[in-house]
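Structure first, commentary second.
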Amino acid sequence: MTAILLSVCFVLFLIGCPAVAEAYIGPGAGLSAIGSFLALVAAVVAAIFGFLWYPIKRMMRRRKQDQQDGNGE
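In mature numbering (1 follows the signal peptide of the UniProt record, and there is no 0), the protein residues as written are -21 to -1, 1 to 52.
The structure is reproduced here in C-alpha cells:
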C-alpha cells in the first residue's frame, strides 16, 4: 500500500514540475509592463508629494508672514 502511495506521489510530483519554462514575454508586452509599473510609481510619488508639499508650503508662507509682521512693529 505504501509503495502505491509513494508511486502516486512521485508521479504527481513529476507532473507538477515542468521541464521547460513556458513564460515568454515579448518585447512589446515587456515594455508596456515596465512602462505601466513606472507610471504607477510616478503617480504614487506625485500623490505623496502633492499631499505633503502644499501643507508645508502653506506653513512656510504663514511663518514668513508672521516674521514680517513681527519685524514691522
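Glycine included, C-beta positions come from ideal geometry on N, C-alpha and C.
Asked                                                                                                          : Found
Proximity below 9 Å, CB of I4 to CB of A12                                                                     : yes
Span of the alpha helix (DSSP H), counted from its first residue to its last, around I4                        : Looking at the DSSP string, I4 is not in any alpha helix (DSSP H), and its letter there is neither H nor E.
Spatial neighbours of M38 in its chain, beta-carbon cut-off 7 Å, leaving aside the 5 residues before and after : none
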